[in-house]
Amino acid sequence: MTPSPRLPRRAFLRGSALAGAAVAFPAVVRAAAPNATVQVAVVGVNGRGYANLHSAASHPALRYVGFCDVDRASFARADADHPGTRHWTDYRDLLRDLGDRLDAVIVATPDHMHAPVAVAAMALGKHVYCEKPLAHTAWECRQMRLWAEQKGVVTQMGNQIHSSVEYRLATRLLREGAIGKVKEVHSWVGVAGNERTCLLEPPVETAPVPAGLDWDRWLGAAPARPYSPGIYHPFAWRDWQDFGGGALGDFGCHILDPVFTGLGLTAPTSVIAENTGVNRHIWPTSQTIRYVFPGTEFTAGPTLPVTWTDGGLRPERKLAQVPPAIELPRSGSVFFGEKGNMVLPHVGGPRLYPEENFPGFAYPKDVKAVHHHHSWIDAIRSGGRTSGGFHYAAFLAETVQLGNIATRLSRRQTITRGNRKIDAKAGTLHWDSAAFRFRDQPAADALLTKAYRPDWAVPAA
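This is the structure we're talking about:
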């Protein structure tokens, strides 16, 4: 079930005609001339937003023409670097006012506003760079890919480590069969799903909204609630299901990226979750999510198990066959292959174990990093596409959100893992990606999307 394609205010910036044209005519990437300036706006200029705009600004063909943020205090650093850039507090006003003077948009809001902003920009033919995890629900991830395809725009997800030398090297080793075909993968992150606030329920206390913060626009598509200092804005929103995706939403599109890229994965066929307990509001402190994917040319069998853990849970060191003096990284992946295993830290160089299986192994020296933001600008100018575009990233992000659906549907049951008791277990969810539904599991289907506040809905492609 998908939400009604209700248009946001001002008739979705008169974008309905453009959306109709996208259906009637094939998508063609609108390339700039090779020496043309790419005029870019940034929506969300604090935190990752500032990191993105600072990194992208080193491209000589980029020019900033607009900054948008619901908190006026966030403009200071961006203004210091790029004085004179116009300000907005509503992205819809920015898109309307800049019109054809705008080529591309960087989206770095909290997760719940990624899709509203990105789809509004793509519907008007703007190229989009969007922070991970791309969107807040599986349905939004699907729509992001479909809108990009319809409008022929150049896209990139903001999992910048996709372009790092470490992950590019790991991907090459996997594809060249350094450890043989892969039988199984374990991936994990050391952070917990609700470690920023450590709350179980939204606070009942209210406080005055700080001067310069438009709280209603910060809430955007999410359910209304009172402002509470330090609980949501500017950084603790990841703990809350209405705004973020917990540890998996935060890090899944980073750590699972070389799993997808290296092994050619798209959509899982099933997912099951165990966790420390979850309610309507917050993500669990730790969890284990087990995916099963169809096998590919890089895997050892017809299916590939991929296990995700967070909140301090990780595989036993001896399973990876690392030397006694070496600990597994706090965050990363282990790829179990026919010839041995590859340990890939987040972020660090891959290593092959057990060492006796790889005597004299020479790690390639010709693998180089790619500038993640520059590759997006270069693709806009040339009419090409990035390796991390929504054609790829949406499947990765969708998989992350399927894991969060399994987490939210987990049934309480005490189990023991080592010396840790985990107080939940989920039933297996069987996923049909082509039909965009779970098989005979309507409760799970209901969580593929969400209700939007009036005027903030994401229109279907």
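Just so you know, my numbering puts 75 at position 71 of the sequence shown, and the rest follows in order with no gaps. Where a beta carbon is used, it is the ideal one built from N, C-alpha and C, also for glycine. Treat the numbers as computed from the prediction; the structure is a model and nothing was measured.
Beta-bridge annotation (DSSP): TRP92 is paired with CYS72. Buried is the label assigned to GLU135, since at least 16 other Cβ atoms lie within 10 Å of its Cβ.
For ARG105, same chain residues with a beta-carbon under 7 Å away, outside a window of 5 residues either side, are GLN43 and VAL69 in chain order. Under DSSP, TRP435 shares a beta bridge with PHE442. Secondary structure note for ARG172: its alpha helix (DSSP H) is the uninterrupted segment 169-179. DSSP places CYS134 in no alpha helix (DSSP H) but in the uninterrupted beta strand (DSSP E) bounded by 131-134.
Separation of the CB atoms of PRO238 and LEU348 is rounded to 31 Å, and the pair is thereby denied contact status at 8 Å. DSSP places ASN56 within a helical segment (H, G or I) once states are collapsed to three.
For VAL189, the enclosing beta strand (DSSP E) begins and ends at 186-192. PHE255 has its alpha-carbon roughly 25 Å from the corresponding atom of LYS185.
Separation of the CB atoms of PRO328 and VAL296 is rounded to 32 Å, and the pair is thereby denied contact status at 8 Å.
Here LEU138 is not near ALA448, since their CB atoms are 8 Å or more apart. Here DSSP, grouped into helix, strand and coil, assigns ASP370 to coil. Counting only the Cα atoms, VAL193 lies some 16 Å from PRO354.
In terms of Cβ geometry, GLY407 and ASP314 do not form a close pair [threshold 8 Å]. Checking the DSSP bridge columns, you'll see VAL208 has no partner listed.
Distance from the Cα of GLY216 is smallest, within the candidate group LEU177, ALA77 and PRO227, for ALA77. By the Cβ neighbour-count rule, ASN283 is exposed, with fewer than 16 other Cβ atoms within 10 Å of its own. Rounded to whole angstroms, the separation of the alpha carbons of TRP219 and TYR231 is 7 Å. Per the C-alpha coordinates, the member of LEU102, TYR133, LEU267 and ALA410 positioned closest to ALA112 is TYR133.
Residue environment: ALA84 is assigned as exposed (fewer than 16 neighbouring CB atoms within 10 Å of its CB, all protein chains considered).
Under DSSP, THR292 takes part in a beta bridge, and its partners are GLU278 and THR313. When DSSP states are grouped into helix, strand and coil, ASN50 belongs to the coil group. Per DSSP, TYR396 is one residue of the alpha helix (DSSP H) stretching across 394-412. Cβ-Cβ separation between HIS395 and ARG172: approximately 19 Å, too far for a contact (criterion under 8 Å). Of the candidates ARG146, SER59, GLY51 and ARG67, the residue whose Cα lies closest to the Cα of PHE79 is GLY51.
ARG318 is classed as buried because its beta carbon has at least 16 other beta carbons within 10 Å across all chains shown.
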